[in-house]
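There are 2 protein chains.
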Amino acid sequence: MAKIQGKKNSTKKEVIIEKASRLFREKGFGAASMRDLAEHVGVEAASLYNHIRSKSEILQTICFKVANEFMTNLEAVESSQQTTLKKMEAIIRLHIRMMLDQYEFVYIADHEWRHLPEPYLSNFLNQRRNYRKRLGDILEDGIAKGEIKNIDPYTAVLTILSAVSGIDSWQRSRKSTSAEVLEANMVKYLIEGLKK
Amino acid sequence: MAKIQGKKNSTKKEVIIEKASRLFREKGFGAASMRDLAEHVGVEAASLYNHIRSKSEILQTICFKVANEFMTNLEAVESSQQTTLKKMEAIIRLHIRMMLDQYEFVYIADHEWRHLPEPYLSNFLNQRRNYRKRLGDILEDGIAKGEIKNIDPYTAVLTILSAVSGIDSWQRSRKSTSAEVLEANMVKYLIEGLKK
DNA sequence: GAATGCAACTAACGATCGTTAGTTTCTTTT
DNA sequence: AAAAGAAACTAACGATCGTTAGTTGCATTC
Numbered sequence: 003m004a005k006i007q008g009k010k011n012s013t014k015k016e017v018i019i020e021k022a023s024r025l026f027r028e029k030g031f032g033a034a035s036m037r038d039l040a041e042h043v044g045v046e047a048a049s050l051y052n053h054i055r056s057k058s059e060i061l062q063t064i065c066f067k068v069a070n071e072f073m074t075n076l077e078a079v080e081s082s083q084q085t086t087l088k089k090m091e092a093i094i095r096l097h098i099r100m101m102l103d104q105y106e107f108v109y110i111a112d113h114e115w116r117h118l119p120e121p122y123l124s125n126f127l128n129q130r131r132n133y134r135k136r137l138g139d140i141l142e143d144g145i146a147k148g149e150i151k152n153i154d155p156y157t158a159v160l161t162i163l164s165a166v167s168g169i170d171s172w173q174r175s176r177k178s179t180s181a182e183v184l185e186a187n188m189v190k191y192l193i194e195g196l197k198k
Numbered sequence: 003m004a005k006i007q008g009k010k011n012s013t014k015k016e017v018i019i020e021k022a023s024r025l026f027r028e029k030g031f032g033a034a035s036m037r038d039l040a041e042h043v044g045v046e047a048a049s050l051y052n053h054i055r056s057k058s059e060i061l062q063t064i065c066f067k068v069a070n071e072f073m074t075n076l077e078a079v080e081s082s083q084q085t086t087l088k089k090m091e092a093i094i095r096l097h098i099r100m101m102l103d104q105y106e107f108v109y110i111a112d113h114e115w116r117h118l119p120e121p122y123l124s125n126f127l128n129q130r131r132n133y134r135k136r137l138g139d140i141l142e143d144g145i146a147k148g149e150i151k152n153i154d155p156y157t158a159v160l161t162i163l164s165a166v167s168g169i170d171s172w173q174r175s176r177k178s179t180s181a182e183v184l185e186a187n188m189v190k191y192l193i194e195g196l197k198k
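Those protein sequences? They're chains R and L, same order as listed. Just so we're aligned: the first sequence equals residues 3 to 198 in the working numbering. Just so we're aligned: the second sequence equals residues 3 to 198 in the working numbering.
Written out as structure tokens, the structure reads:
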């Protein structure tokens with residue numbers, strides 16, 4: 003039962019999901035067809051169904067994989083004993099890193115989640131809301147302790163998350179600025195807005 | 003030849019485009035069907051083609067309407083005699099305002115432009131690149147004049163544009179924070195990162 | 001070597017897609 | 001009232017969609 007395929011140690015299912023993530027990003031979930039995907043995998047469309055249950059299962063896998071990764075990291079940060087600024091910096095850096103080396107996955111979780119069928123859609127949105135709420139709580143805590151500027155936490159969370167997720171439009175022209183420089187500059191900009 | 007329809011002084015074509023913008027945002031361009039659209043307009047699908055040439059013509063109209071609006075405003079700001087900070091504030095405020103009261107249109111120009119057919123796609127991307135370049139020039143000019151902090155202009159543009167375009171995720175829960183408060187807070191946050 | 005099971009294949013299903021053709025209904029102009 | 005024009009309708013086109021059924025090839029296990 004050796005179902006190893008592809009160039010690396012990856013299941014065929016993983017290969018499918020990886021190719022799909024690229025396709026979903028380029029064309030959008032609705033416009034990407036299973037026959038398209040099959041061609042990229044090097045197989046007939048019907049053969050995909052030996053490995054996956056449906057098109058939307060692929061989307062579910064991607065969205066929740068990303069959501070879980072962010073959530074796990076958030077919990078680690080929450081329980082760490084650091085200043086609010088360090089916590090926020092850690093979170094911002096993770097978001098940027100994820101955007102840089104898991105670009106396709108993060109992009110889809112950010113932009114294609116609308117096509118999740120219920121009840122996954124509600125589940126996903128709940129996780130998202132919860133994540134933002136807890137980010138806001140970290141900021142509120144920092145304000146209460148006088149560690150950061152007295153800003154509106156909700157706006158700050160929105161601004162920070164939007165800013166990092168916009169890196170996708172940088173991905174398409176990686177030439178001018180290197181990843182490290184971009185990360186450093188963006189962290190600097192966003193953290194500066196929090197300092198007293 | 004009075005082709006006036008709808009409740010206001012709007013052509014049927016305008017009604018179609020307005021309904022379409024809502025539909026494209028909710029379902030994505032690829033997943034929104036002409037029969038869906040027709041139902042919202044209150045007409046049979048085939049009848050739409052008395053007013054529009056194709057599905058993608060609708061997308062083109064929306065994308066370039068938004069692009070032109072931003073470009074016109076940028077030119078006004080460029081030729082104004084203000085400090086760099088004031089210029090940037092004006093631009094940020096326009097982006098936020100547009101996002102608030104032309105939400106559907108701006109959202110589509112931001113997220114569904116991928117589905118533009120050539121040569122419109124290239125045209126649109128050129129305009130976009132040009133817009134960002136000129137925003138960067140304003141910042142560089144401000145740095146050279148010593149009016150703002152010495153940040154990386156490219157990163158700043160990316161951060162600012164991403165932050166404001168992320169307001170779309172606020173739109174769906176308008177209850178907690180009012181539009182004015184959000185605008186004020188976001189401007190404050192983003193401008194603060196530019197000050198010396 | 002026979003049996004087992006995974007993963008590929010071909011063929012096709014019903015549904016839906018954007019769009020066109022041809023016709024009819026209604027409104028406005030003469 | 002007649003003529004003209006705009007905008008609605010029904011019907012259907014060919015294409016493509018996600019997915020299922022049934023079958024074949026091939027490797028592993030007994």
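Quick reminder that beta carbons are idealized off the backbone N, C-alpha and C, glycines included. Small disclaimer: the values here were computed from a predicted structure and weren't measured.
query: Outcome for E114 of chain L when other beta-carbon atoms lying within 10 angstroms are tallied against a minimum of 16; result: buried
query: Neighbour list for M188 of chain L in chain R, Cβ cutoff strictly below 7 Å; result: T157, T161
query: T74 of chain R (DSSP reduced to helix, strand or coil); result: helix
query: CB contact check: A33 of chain R to chain L, cutoff 8 Å; result: yes
query: Nearest-angstrom beta carbon gap, F126 of chain R and A69 of chain R [assumed within contact, 8 Å]; result: 6 Å
query: Opening and closing residue of the alpha helix (DSSP H) in which E28 of chain R lies; result: 14 to 29
query: Contacts around Y109 of chain L, its chain only, beta-carbon distance under 6 Å, and the 5 residues preceding and following it disregarded; result: R27, D170
query: Cβ of H42 of chain L within 8 Å of any chain R Cβ; result: no
query: Run of the alpha helix (DSSP H) containing K190 of chain L, from where it starts to where it stops; result: 181 to 194
query: DSSP three-state assignment for K197 of chain L, whether helix, strand or coil; result: coil
query: Separation of Q62 of chain R from Y2 of chain R, as counted between CA atoms; result: This structure does not reach residue 2 of chain R, given that chain R is present from 3 up to 198, and the question cannot be answered.
query: Nearest residue (CA-CA) to L87 of chain R, options R:L184, R:I98, R:I140; result: R:I140
query: Coil, strand or helix - R134 of chain L by DSSP; result: helix
query: Within chain L, partners of A165 of chain R - CB distance below 7 Å; result: T161, S164, A165
query: L76 of chain L versus L:V159, L:C65, L:I93, L:S167, residue with shortest Cα-Cα distance; result: L:I93
query: Reduced DSSP secondary structure (H/G/I, E/B, other) of K89 of chain R; result: helix
query: Cβ of H97 of chain R within 8 Å of any chain L Cβ; result: no
query: Proximal residues, the segment 78 to 111 of chain R versus chain L, C-beta separation under 7 Å; result: none
query: Min CB distance L192 of chain L to chain R below 8 Å; result: yes
query: Test item: CB-CB of R116 of chain R and G30 of chain L under 8 Å; result: yes
query: Interface flag, R24 of chain L vs chain R, CB-CB below 8 Å; result: no
query: Span separating the alpha-carbon of V183 of chain L from that of I193 of chain L; result: 15 Å
query: Candidates R:A111, R:V17, R:K198, of which the one nearest G148 of chain R by Cα; result: R:K198
query: Limits of the unbroken alpha helix (DSSP H) element including R37 of chain R; result: 36 to 43
query: Extent of the continuous alpha helix (DSSP H) run through A158 of chain R; result: 155 to 167
query: Beta-carbon gap between H53 of chain L and K21 of chain L smaller than 8 Å; result: no
query: H113 of chain L at chain R interface by Cβ criterion, 8 Å; result: yes
query: Sub-8 Å separation of W1 of chain L and L160 of chain R beta-carbons; result: The structure shown does not extend to residue 1 of chain L, since chain L is modelled only from 3 through 198, so no value can be given for it.
query: Separation of S180 of chain L from R131 of chain R, as counted between CA atoms; result: 18 Å
query: Option in R:L118, R:A158, R:N187, R:V17 with minimal Cα separation from M90 of chain R; result: R:A158
query: Closer than 8 Å to chain L by CB, I64 of chain R; result: no
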